[in-house]
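**Q** Here this note's numbering = 1-based position in the sequence shown + 1.
Every residue, glycine too, gets a C-beta built ideally from N, C-alpha and C.
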Amino acid sequence: MDKVLVLSFGEIMLKGRNRQVFINKAIGKVKHLCKNFEIHEIYQDFGKVVLRGNEEDYEEMIPRLKKVFGIVWICPCIRTEKDLSSIEQGALEMVGSRQDLENTTFKAEVQRADKEFRPKSPQMAAKLGAMVLRKYGEKISVDVHEPDFILYLDLRGKAYLYTEKIAGPGGLSPGSSGRGLLLLSGGIDSPVAGYQLIRRGVKLSALHFHSYPFTSKQGLEKSKSLAQKLTDYNGDIRLFICNLLPVYKAIGKYCNNRYMTILSRRFMMEIGERICKKYQLDAMITGESLGQVASQTIEGVAVINDGVNIPILRPLIAMDKQEIISIAKDIDTFETSILPFDDCCSVFTPTNPVTKPKLDRVKSNEEKLDRRALIDEVLENMEIIWIKEEDR
Ligand code: ATP
Ligand code: MG
Numbered sequence: 002m003d004k005v006l007v008l009s010f011g012e013i014m015l016k017g018r019n020r021q022v023f024i025n026k027a028i029g030k031v032k033h034l035c036k037n038f039e040i041h042e043i044y045q046d047f048g049k050v051v052l053r054g055n056e057e058d059y060e061e062m063i064p065r066l067k068k069v070f071g072i073v074w075i076c077p078c079i080r081t082e083k084d085l086s087s088i089e090q091g092a093l094e095m096v097g098s099r100q101d102l103e104n105t106t107f108k109a110e111v112q113r114a115d116k117e118f119r120p121k122s123p124q125m126a127a128k129l130g131a132m133v134l135r136k137y138g139e140k141i142s143v144d145v146h147e148p149d150f151i152l153y154l155d156l157r158g159k160a161y162l163y164t165e166k167i168a169g170p171g172g173l174s175p176g177s178s179g180r181g182l183l184l185l186s187g188g189i190d191s192p193v194a195g196y197q198l199i200r201r202g203v204k205l206s207a208l209h210f211h212s213y214p215f216t217s218k219q220g221l222e223k224s225k226s227l228a229q230k231l232t233d234y235n236g237d238i239r240l241f242i243c244n245l246l247p248v249y250k251a252i253g254k255y256c257n258n259r260y261m262t263i264l265s266r267r268f269m270m271e272i273g274e275r276i277c278k279k280y281q282l283d284a285m286i287t288g289e290s291l292g293q294v295a296s297q298t299i300e301g302v303a304v305i306n307d308g309v310n311i312p313i314l315r316p317l318i319a320m321d322k323q324e325i326i327s328i329a330k331d332i333d334t335f336e337t338s339i340l341p342f343d344d345c346c347s348v349f350t351p352t353n354p355v356t357k358p359k360l361d362r363v364k365s366n367e368e369k370l371d372r373r374a375l376i377d378e379v380l381e382n383m384e385i386i387w388i389k390e391e392d393r
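The following block contains the structure:
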């Protein structure tokens, strides 16, 4: 009899032939995040992943497992052989280990991935219930409708008994939905947008624009720290760093200042698109959310999309700031995001920006600029660094 953690995967299961690839990725991720703990065994048993380490480490390992997309449930189990006396022993130990045994109710539930096992599930559940009652009948009773806890028996290659199911993050494993470029500012929103898409299986690279020396180096450091936080979910992140100062200067000099934000955003998108094409990334991702700031209107989105030929994904578009903040806190990016360093957008934001930009006006402003030359200049000076998943 051993204590193990059993991990169940959700949607990954739907992915047919690729399923094994995804599970292997998830196992790799589990090993990486738990590499400071001893793992004696990690294997698959009828589609679930079973991990055996040192029992006393499980409490610390579980929060790390909660960072592995694809995992739907994490169940601390007792693993036994599949004979009735071992199962009984395991069941009694599992129930006995609960703190809340006086006056509680329970029911037994059996899942039989091993269809050869006899008795079948309903009969086995009845047997399991009876085993528990024989020992603990004075303290607990059966309630099949609203039990205080459920004793699960999962029959696979081995038998697994558990009473606790801890929710994992769900989602899909990174890379299973393609590759994307996150436009990562230093704000609250873009890291959350990135997280949302990593969760749906997009493997991220990130692009940050700064305007050093007009803005401080700390803004850039902040975006690196945010990318670092995202590596927990995504794995290593390639970070493209561009200095947008020449663009801001040119817009400031030649264009109507009220168009600063929208014009610079269009530059960001075109630069992002060029990077995507060169590095085979399938989409760009932004943290835009409708109505949050002046440029984030439907008209603004339309003008920003114009001329871009790859998808721009905006996972936060319909979310409230409070919802976004709550995710930012969960994924531990919030505290970094609110550090008070200037970002290039805030420095160059006009006092009275256009909120409903018209494309023809935007274009007539742009005609005053040598867009191609400016974009080439920014890309020539681009820096690329790898943000490595932290060793813990
Ligand atoms: P965030 O909190 O992500 O900074 P925001 O609410 O401040 O967003 P904006 O400044 O209008 O909104 O930016 C909208 C989106 O444009 C950002 O979420 C981000 O994806 C992208 N973006 C803005 N500034 C930068 C930048 N300096 N580098 C890279 N992307 C940026
Ligand atoms: Mg911002």
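#1: On the three-pair Cβ rule with 8 Å, is the stretch 372-388 touching the stretch 312-319?
#2: Would you call the CB atoms of Val69 and Ala27 closer than 8 Å?
#3: Assign Cys277 to one of three DSSP states: helix, strand, or coil.
#4: Return the CA-CA distance between Ser296 and Val302, expressed in angstroms with no decimal places.
#5: Which value, in whole angstroms, describes the spacing of the CA atoms of Ser122 and Met95?
#6: Taking the alpha carbon of Arg395 as the reference point, which residue from Ser226, Lys159, Glu147, Asn235 has its own alpha carbon closest?
#7: On the premise that Gln45 lies in contact with Ile24, defined as a C-beta separation below 8 Å, what is that separation, rounded to the nearest angstrom?
#8: How is Arg180 classed by DSSP in three states: helix, strand or coil?
#9: Any idea if Leu340 is buried or exposed, counting beta-carbon neighbours within 10 angstroms, 16 or more meaning buried?
#10: With DSSP as the reference, label Glu57 as helix, strand or coil.
#11: Under three-state DSSP, which class holds Asp46?
#12: Any idea what DSSP makes of Leu156, helix, strand or coil?
#13: From what residue to what residue does the alpha helix (DSSP H) around Lys108 run?
#14: For Thr334, which of helix, strand or coil comes out of DSSP?
#15: Taking the runs of the beta strand (DSSP E) that are 3 residues or longer, which of them lie wholly in the stretch 247-329?
#16: Have a look at Thr105, Leu85, Ile63 and flag the residue whose alpha-carbon is nearest the alpha-carbon of Ala168.
#17: Report the residue from Leu34, Asn37, Leu66 whose alpha carbon sits nearest the alpha carbon of Leu6.
#18: Any heavy atom of the ligand ATP closer than 7 Å to the CB of Gly288?
#19: Is Ala228 near the ligand ATP, with its Cβ less than 7 Å from a heavy atom?
#20: Looking only at its own chain, which residues have a Cβ that is under 8 Å from the Cβ of Asp115, when we skip the five neighbours before and after it?
#21: Is Ala194 near the ligand ATP, going by C-beta to nearest heavy atom under 7 Å?
**A** With the given structure in hand:
#1: no
#2: yes
#3: helix
#4: 8 Å
#5: 19 Å
#6: Examination of residue 395 is not possible in this model, given that the chain is present from 2 through 393 alone.
#7: 7 Å
#8: strand
#9: exposed
#10: helix
#11: strand
#12: strand
#13: Here Lys108 belongs to no alpha helix (DSSP H); instead the beta strand (DSSP E) covers 105-113.
#14: coil
#15: 284-286
#16: Ile63
#17: Leu66
#18: yes
#19: no
#20: Phe47, Lys83, Leu156, Arg157, Gly158
#21: yes
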